[in-house]
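Residue numbers (our numbering): 47 to 122.
Backbone N, C-alpha and C define an ideal beta-carbon position, used for all residues, glycine too.
Worksheet: one structure, shown below.
Written out as C-alpha cells, the structure reads:
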C-alpha cells in the first residue's frame, strides 16, 4: 500500500481549483462528513486503508479468546 501511495506522488487527478470550492460548499451548507476526501485517488487510498484495518480487526477478533489466557494470573 505504501508503494502505491509513493507512485501517486506528482500524478494526482485533483483539480486545485475544485478542492477549495468543495470544502467551502460543505462548510457553508452545514452538511456532509467530518472529513472531506477530495479526488478519486484520495478516496481509493482511504478505502484501501479502511479495508486493511478491517482485516486487522478480524484478526483481533479471532484472537480475543486466547489472548487473555496467555498472561500471568491476576494478583489479588
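Limits of the unbroken alpha helix (DSSP H) element including residue 60: Careful: residue 60 lies outside any alpha helix (DSSP H) and carries neither H nor E.
Please state the DSSP three-state secondary structure of residue 109. Three-state result, residue 109: coil.
Compute the Euclidean distance between the alpha carbons of residue 108 and residue 93, then round it to the nearest angstrom. Going from the Cα of residue 108 to the Cα of residue 93 covers about 23 Å.
In whole angstroms, give me the CA-to-CA distance for residue 86 and residue 61. Separation of residue 86 and residue 61 (C-alpha to C-alpha, rounded to the nearest whole angstrom) is 11 Å.
Hey, would you say the C-beta of residue 109 is under 7 Å away from at least one heavy atom of the ligand NAD? This structure lacks the ligand NAD, and indeed carries no ligand of any kind.
Can the beta-carbon of residue 82 be found less than 8 Å from the beta-carbon of residue 69? Yes.
Rounded to a whole number of angstroms, what is the C-alpha to C-alpha distance between residue 118 and residue 111? Near 15 Å, if we compare the C-alpha coordinates of residue 111 and residue 118.
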